[in-house]
Amino acid sequence: MCQSSVLNTDSLSKIDAIVEKYRGAPGALIPVLHAVQAEFGYLSQDVQARVAECLNIPAVKVSGVVSFYHFFTDKAKGRFEVGICMGTACYVRGAAEIVREFEKHLGIKMGETTKDQKFTLSSTRCIGACGLAPVVTVNDDVYGKLTVDKVKDLVQSYREK
Amino acid sequence: MIRSHILVCAGAGCVSSKSRLVKEELLTRLKLQDLTEEIRVIETGCIGTCDLGPVLVLYPEGVFYQKVGVEDVAEIVEEHLVRGRVVQRLLYKEPLSEEILEKMADLEFFRRQYRIALHNTGAIDPDNIEEYIARDGYFALGKVLSEMTPETVISEIKQSGLRGRGGGGFPTGLKWEFAARSTSSTKFVVCNADEGDPGAFMDRSILEGDPHTIIESMAIAGYAIGADQGYVYCRAEYPLAIERFVSALEKAREMGFLGENVLGSTFSFELELRVGAGAFVCGEETALLSSIEGNRGEPRPRPPFPAVKGLWDSPTIINNVETYANIPSIILKGAEWFNKIGTEKSKGTKVFAMAGKINNTGLVEVPMGTTLRELVYEIGGGIPGNKKFKAAQTGGPSGGCLTEANLDTAMDYDTLLSLGSMMGSGGLIVMDENTCMVDIARFFLDFTKDESCGKCSPCRIGTTRMLQILERIVNGEGIPEDIDALEKLASFIKDTSLCGLGQSAPNPVLSTLRNFRDEYEAHIYDKRCPAGSCQALIHFTINAATCIGCGICAKHCPSSAIVGERKKPFSILDDQCVKCGVCVQECPFQAIERR
Amino acid sequence: MSTVTVTINGQTVDVPVNTTVLEAAKQIGIDIPKLCHLKDLNEIGACRICVVEVEGRRNLPASCVLPVEEGMVVKTHSKRVLEARRMNVQLMLSVHPQDCLKCVRNQNCQLQALTHDLGVREGFPVDYDPTPLDQGAVIHRDPNKCILCRRCVTTCEQVQGVTILGALERGIETVISPAWHGSLGDVSCTFCGQCVQACPVGAIYERNDTQIVWDMLNSEDYVVVQVAPAVRTALGEEFGLPAGTDVTGKMVTALRRLGFNKVFDTNFTADVTIMEEGHELLDRIGKQELPLLTSCSPGWIRFVEEQYPQLTKHLSTCKSPQQMFGALAKTYLAKEEKVDPKVIKTVSIMPCTAKKYEAERPEMKDSGFRDVDAVLTTRELALLMKQAGVQLDRLPEEEYDAPMGMSSGAAVLFGQSGGVMEAALRTLLAAYPERVKLVQNDGVSQVLIDGEQVEVKVVSGLSQARQVLEDIANGKNTAQFIEIMACPGGCINGGGQPTVMDPELRQDVIAKRRSAIKDLDKAAAIAGSHENPAVQRLYETFLDHPLSSKSHHLLHTQYKPKVQDPVKNSHYDHTGTGAN
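Chains as they are written, first to last, in the numbering used here: chain A, 1 to 161; chain B, 1001 to 1595; chain C, 2001 to 2580.
Written as structure tokens, this is what we have:
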């Protein structure tokens, strides 16, 4: 068991269990952070501190890794994460206009989350579905060959969920 | 008795187009018709024709159905499988000749290909190890362990002339030899599956469609250099590839292709998958190693090269997915066979991921030396809407563009370099007359600036400054000195950056400056975007001669930028116009021009 | 060893294999400029200033990480190379505040010197998003000035083993910072200041307390000053004197002329420390927790408290000489000089940044007042003197005031690693010849105390200290008395000492400071602490005897596992102006 933290015991034991799974594996930090983020949705400072403590890694190293990689986030995201692929194929086929359209309908800018915590709008790196460009993902759902006029309905369909 | 096989493409592209639902529907319909004993449905990796998905191939005839929806399944089952009649409306039509083609082999897209790295991708069920074995899978590993010494393996790879498919084109056999030479007791084999080049997806497709090839090759590499541990570093953006690869690892372990005493030999080999976390720079080999070690993905200076001092300071070879995918065939068919394919200095084939403004988007594998024209027009089916070919970007953010003048040059490592581009991982993004080359340069710089690790100052600050200048130009605020400043910064960053990311970051700018300087000049001097793509430089005007003064445009304008009196020509207030283009769509008389 | 022959700027030179091009050039008198390089420590090739042209290579590799190869032909200062260096500096300046004139490192900045030497006269427009300053502790950071050379990061991690600073974010957003963009005051920073010494620019520096001292000097208060041993052989550097010049007498004169009521010596309480700590050791042998760890170095104390709280019981209960001085100044001195302790202000001049923190620890007020009121580093003292127009080398030499200015040669040794140990053994062996015996002549590694074999050990630098603590925690430690200093080499290399701009000269400068300290010991009239008549009188008239209840009250403290964080409860104003 690792020591002191402000997290509740349930969260603590979840982190401990994940760290335990990777203990001894060389270079365990990134796999642990992936697993912990999958559990909590994001990596708060407290969570990061706990990971550092349990893995016996200086806190600044954990903070440095989390802030280096785009996949890790220290902020809570909305229920639906809208990811607009900004790969070259998607860009050439009009991803920038799709971005503007989503920003308009969600009332937020790229990287932001709506006040009701329902949507987060983000850009993703090429997801390799270039044949379907432009591509947008909403959590695990993929929408290919998206056009500007379909955006409004797409947003609406998730609003109702 | 199985009389027919149906291949359902389950590459990430087709899965996104709901191919899984099509498969479910197929199974349901076959059951209804009581055909499950006779007809087998196989979920394969990427067949290659991504924009035609979901795609089905029916064997033994080889009939190719495209854009198959769930609602089409009943008809395929009843017509094709029960009555033996091909469903015409789901067949593929060549975009240029408009000819309707029935069989997969008839498609120009497939006819021109020579598949080595992709020979199983799209042809087998990746989750079924028996299918892999049935196509000579793990035979190369068996051959290596029973008949070959590490030295002969390396010499075979060297003789084949195989060069790294990840970008640099370094001779693979030589790399292995460096690592083999070291007497270190700990060595590592690493597979670079951090396919960060936007627009390239061959590595993803191989991992998804033929994971065992990579496992087999890495074991062979381990045997050759004397390593007993390997790592595959795959980007997090590829969940399906991760899932299939992890499952393949388990099956390979169960069957004794991994673990202690592989195939009963004295050779032991373990393999682990590590998932990246979203950093393009981790495609650079030393950054990739830092990342596996659990650190920020910051490159280290070379020398020492990883083959001498790599993962946890031990000798390490790093090859990319496509490179590994060539190994089993070379071992089984011999270096001489491989050597005959391709050009003098670029042997074998290359997988290209074609995307952008092209009809047949997808993955193709062709002999090195195939021309750009063959790729774009014959295999790729030309450009949608018969628009004019303007350029093709190869090598992604590290590469450059090829122009119309280069259409007939043979694509290989050295030719592309001499044209100021590079092979890179094989992404090929086609651009037409509506693509602004300055904006494309800006797009790539935005990418590299964002992906710069921040360690060395030329890349960190230099790309930021270059991007500022490019943004200024596309916003119509460019000044004449900007072109000179871009060139100076570009050559400085290339000269002095620590790693390949920085050293190649200016390439898209240099290459567009060389080939499309007039577009830069138009933006800077005339405040005009010739492709009509840069928002800030687009202007809408009403042609007074055609305008009848109906006022429909003014009614639809969201920013009240159109003014006028009814029955007289209207006009657009440029400073209020938000350039949305609604007026152009709404005008019944095509009186509004966009320039 | 096999050698290779390379040609640099037309000259051939034979150098051993694995030599870098940078070093090879140096051998033939060519100085290749650099910013991030620290030999054997920070060899990361990040700043790209040291790039050179190598025949047959397309790009310009960094010479600091480029091993020589047989037949290599190198140009270190070609037109292409110089243009690249200029462009690089221009880019660095484009994200750097343009307030050189007001910068703490003005005229002592590697980037500034490089800009000058390369003749950079123009550049890109300055354009960066300002990052807030970190002024939450005694060490301040200005991330805007940081050039990301990472010398501080490597020093913090590898030399000190503390790993407080690191790179966060990436690309143009990259910043060197404690975890989560926090303040140094929020983390386990020891305030040792080695990062300050590592920084080539003005991105990390100590809190400026000179105004507080000026205000004291301009008040009606009775202001006394103490000067730590390591200051006297380093201060001269700030005035252009060669490294290792002893300026004790001139410094005393200068301090007196600045207006201090009394000019005293921390060496006096170093002698007192030996009396107290020596007896503590004698007392602990066979009775209490061993090993006994010295407690003079506040960075080291904080390191134990933060990282190994369970081992604080091993720390000597003695306060550091600085704190003993403060406590005695407001009690003993007040009595001796018949001054109301309320008006006594104590200022210390320290080679150390952590001393500022130590003085602010909440428990350091056993005199009934704050024991130490202000701490200046050697650098800040030089500033004070320059502001007062002091021409140090032209001053006459004067003596410290009595009674707290008298000291032994042993005391001055506190200024360098190993000095406390030597001073302690010197006194123990001489004062208790029956109880304490040296068993080894060729060193001081073993003594017999009351027939028990006592192994002693000297360690400096916190990485080494960590090893000692690990050994204690794992039962592998064999020593009973261990001297530990936070800074490698001890206080002569303290975080508050004059900055040596060229890192390659640093070790040499430190060696000279050290040898000057040793010379002072040799020249001292009194050898051992116990022989200091002023200390003897202190015990006779005030403290009774070492470890008396009065000395326990004033000169000792108890380092406990969980201390209240003094940084956040400090009496100082942390907003930067130091107005207090």
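C-beta: ideal position from N, C-alpha, C; glycine also. What you are looking at is a predicted structure, and each value in this text was computed from that prediction instead of being measured.
Span of the beta strand (DSSP E) around residue i
i, result
"residue 1295(B)", "First-last for residue 1295(B): undefined, no H or E at that position."
"residue 1319(B)", "1316-1320"
"residue 1394(B)", "1389-1394"
"residue 2375(C)", "2374-2377"
"residue 2551(C)", "Element bounds for residue 2551(C): not the beta strand (DSSP E) but the alpha helix (DSSP H), 2549-2555."
"residue 1461(B)", "Where residue 1461(B) is concerned, there is no enclosing beta strand (DSSP E), although the alpha helix (DSSP H) it sits in stretches over 1457-1474."
"residue 1247(B)", "Segment 1239-1254 is the alpha helix (DSSP H) holding residue 1247(B); no beta strand (DSSP E) there."
Spatially closest choice to residue i from the options, by CA coordinates
i, options, result
"residue 995(B)", "1391(B), 1071(B) and 1426(B)", "Because chain B here runs from 1001 to 1595, residue 995(B) falls outside it and cannot be looked at."
"residue 1357(B)", "1339(B), 1390(B), 1309(B) and 1367(B)", "1390(B)"
"residue 118(A)", "126(A), 124(A), 107(A) and 11(A)", "107(A)"
"residue 1371(B)", "1352(B), 1362(B), 1053(B) and 1252(B)", "1352(B)"
"residue 1257(B)", "1374(B), 1130(B) and 1379(B)", "1130(B)"
"residue 2157(C)", "103(A), 114(A), 23(A) and 58(A)", "58(A)"
"residue 1482(B)", "1271(B), 1522(B) and 1382(B)", "1522(B)"
"residue 2230(C)", "2350(C), 2083(C) and 2387(C)", "2350(C)"
"residue 1310(B)", "1286(B), 1301(B) and 1298(B)", "1286(B)"
"residue 1161(B)", "1422(B), 1365(B) and 1339(B)", "1339(B)"
Own chain residues within Cβ distance below 6 Å of residue i, not counting five before or after
i, result
"residue 2177(C)", "2168"
"residue 2018(C)", "2067"
"residue 1300(B)", "1286"
"residue 1004(B)", "1039"
Cβ-based neighbour list, residue i, same chain, cut-off 8 Å, excluding 5 preceding and 5 following
i, result
"residue 1150(B)", "1180, 1223, 1224, 1225 and 1226"
"residue 2160(C)", "2190, 2192, 2194, 2461, 2462, 2463 and 2486"
"residue 2334(C)", "2340, 2341 and 2344"
"residue 1332(B)", "1136, 1139, 1140 and 1143"
"residue 1524(B)", "1473, 1478, 1479, 1480, 1482 and 1483"
Close Cβ partners of residue i (< 7 Å) along its chain, the five nearest in sequence each way excluded
i, result
"residue 15(A)", "36, 47, 50, 51 and 54"
"residue 2383(C)", "2210"
"residue 2563(C)", "Caution applies to residue 2563(C), whose pLDDT of 45 falls short of 50 and renders its modelled position unreliable; the value that the coordinates give is listed next. If we look at residue 2563(C) and ignore the five residues flanking it on each side, its Cβ neighbours are 2305."
"residue 1107(B)", "1064, 1092 and 1101"
"residue 98(A)", "84, 134, 136, 146, 148 and 151"
"residue 72(A)", "33, 37, 43 and 66"
"residue 1312(B)", "1293"
"residue 130(A)", "87 and 89"
Cβ separation of residue i and residue j, assumed to be a contact under 8 Å, to the nearest whole Å
i, j, result
"residue 1453(B)", "residue 2171(C)", "7 Å"
"residue 1400(B)", "residue 1530(B)", "19 Å between Cβ atoms; not a contact."
"residue 1274(B)", "residue 1233(B)", "5 Å"
"residue 2322(C)", "residue 2372(C)", "6 Å"
"residue 1117(B)", "residue 1374(B)", "In fact, because the Cβ distance is near 18 Å, the residues do not count as touching under 8 Å."
Near the ligand HEM: residue i beta-carbon under 8 Å from a heavy atom
i, result
"residue 2207(C)", "Absent from the structure shown: the ligand HEM. Ligands present: none."
Delimiting residues of the alpha helix (DSSP H) encompassing residue i
i, result
"residue 1007(B)", "Not the alpha helix (DSSP H): residue 1007(B) falls in the beta strand (DSSP E), residues 1004-1009."
"residue 2117(C)", "2110-2117"
"residue 1437(B)", "1437-1451"
"residue 1273(B)", "Segment 1270-1275 is the beta strand (DSSP E) holding residue 1273(B); no alpha helix (DSSP H) there."
"residue 1142(B)", "1139-1147"
"residue 2089(C)", "2079-2094"
**Request:** Count the CB pairs spanning the stretch 2197-2205 of chain C and the stretch 71-85 of chain A that are closer than 8 Å, and state whether there are at least three.
**Result:** no
**Prompt:** Does the stretch 2317-2331 of chain C come close enough to the stretch 2547-2555 of chain C that 3 or more CB-CB pairs lie under 8 Å?
**Reply:** yes
**Request:** Mind the definition here: the stretch 1426-1440 of chain B touches the stretch 2091-2108 of chain C only if three or more C-beta pairs lie below 8 Å; say whether that holds.
**Result:** no
**Given 8 Å, three or more beta-carbon pairs between the stretch 2471-2485 of chain C and the stretch 2302-2316 of chain C** = yes
**Message:** Across the stretch 1041-1060 of chain B and the stretch 1117-1127 of chain B, are there enough close Cβ pairs to call them in contact, namely three or more that are closer than 8 Å?
**Reply:** yes
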